[in-house]
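See below for the structure under consideration.
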Amino acid sequence: MSLSAKAQPEQLVLALPHRQAQEAEDFLVSQSNAAAVELVDGWPDWGRAAALVTGPRGAGKSHLANVWRLRSHAHLVAAADLDDGSVGKLEERGALVVEDIDRGIASEQVLFHLLNFAREKAGSILLTSRAAPGDIEIGLPDLRSRLRAIPPVHIAPPDDALLRSVLVKLFSDRQLAVEPHVIAYIALHVDRAMDAVLGVVAACDRLSLARQGKITRAVAAAALESDAPDRDDERADADGDPEH
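The sequence shown begins at 160 in the working numbering and counts up one residue at a time.
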């Protein structure tokens with residue numbers, strides 16, 4: 160299924176507690192991520208061996224990387240796990256996802272070799288990061304130069320239209336009908352990150368079941384309040400958790 164910023168909306172990391180949703184059809188598109196979607200749509204005609212997607216936690220980098228992985232049949236490895244075997248993975252399939260280069264690169268020499276190999280053998284590497292290469296501490300000068308030469312494609316936090324669409328999709332996946340004014344209220348008050356959105360939707364579901372009623376603005380307000388401590392705990396632990 161082709162992703163397109165002009166197509167039926169499709170984006171963000173819709174990983175529900177009761178099922179994973181990491182396919183192209185679960186990726187809703189808006190202005191905040193259209194450039195990154197166009198990057199995936201443009202493969203294999205990138206005109207370069209490597210591409211870099213940047214964006215804050217929860218913006219959808221991992222989901223987009225998984226869409227590209229499925230399309231390109233790439234292996235996936237975290238930058239913190241890079242070793243000599245990663246080169247064999249690129250050699251095997253000609254495509255590789257390297258996630259979270261801002262969160263530690265196990266072997267800078269291996270990543271430099273991967274980038275060289277992809278360029279020389281017409282391979283493809285998709286890198287993800289929360290920070291631009293210039294803001295990442297990299298000791299190997301050649302790697303630092305090579306990464307800074309890759310034009311980053313940024314995913315911004317979800318805009319209003321995307322946030323409302325994601326909320327509608329998440330509630331629909333739970334077979335919950337929520338009125339537009341309640342969706343608008345949640346979108347106005349929830350943190351613009353997928354972990355926060357997922358948490359509030361789950362809290363709304365729990366509260367509506369406990370109260371044996373529909374999801375009203377009062378239920379949404381209670382869900383937003385009850386989910387806040389959990390989100391604070393998640394943020395405190397964020398540096399040690401993988402992005403989903």
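Beta carbons are placed, not taken as given, at the ideal position from N, Cα and C, and that holds for glycine.
What you are looking at is a predicted structure, and each value in this text was computed from that prediction instead of being measured.
| Asked | Found |
| --- | --- |
| Might you give, ordered along the chain, the residues of its own chain that have their beta carbon closer than 7 Å to the beta carbon of lysine 341, omitting 5 neighbours on each side? | A small correction: the amino acid at residue 341 is valine; lysine does not occupy that position in the sequence shown. Correct list, in chain order: Ile374, Thr375, Arg376 and Ala379. |
| Our contact map puts valine 226 next to aspartate 243 with C-beta atoms below 8 Å; I'd like the distance itself, whole angstroms only. | The Cβ separation is near 28 Å, so there is no contact. |
| Beta carbon of aspartate 318, beta carbon of serine 221: below 8 Å? | no |
| So what does DSSP say about proline 102, is it helix, strand or coil? | The first residue shown for the chain is 160 and the last is 403, placing residue 102 beyond what the model contains. |
| Under the three-state reduction of DSSP, which class applies to alanine 254: helix, strand or coil? | strand |
| For arginine 228, count neighbouring C-beta atoms within 10 Å of its own C-beta (all shown protein chains included) and say buried if the count is 16 or more, exposed if not. | buried |
| Which residues in the same chain as histidine 232 place their Cβ atom closer than 6 Å to its Cβ, once the five residues preceding and following it in sequence are excluded? | Arg252 |
| How many angstroms separate the CA atom of valine 199 from the CA atom of leucine 223? | 8 Å |
| So, under 8 Å CB-CB, glutamate 258 and leucine 299 are touching, yes? Tell me the CB distance rounded to an integer number of Å. | Between leucine 299 and glutamate 258 the Cβ distance is about 19 Å, and since that is not below 8 Å, they are no contact. |
| Can you give me the C-alpha to C-alpha distance between phenylalanine 330 and histidine 272, rounded to a whole angstrom? | 45 Å |
| Can you tell me where the alpha helix (DSSP H) with histidine 340 in it begins and where it stops? | 339–348 |
| Based on DSSP bridge pairs, tell me the residues matched to aspartate 297. | Strictly speaking, residue 297 in this sequence is isoleucine, with aspartate absent from that position. BP columns for isoleucine 297 are empty, so no partner. |
| If we require 3 or more residues per run, which beta strand (DSSP E) segments fall completely within the region 271–325? | 283–288 and 311–313 |
| For histidine 232, does the three-state DSSP call read helix, strand or coil? | coil |
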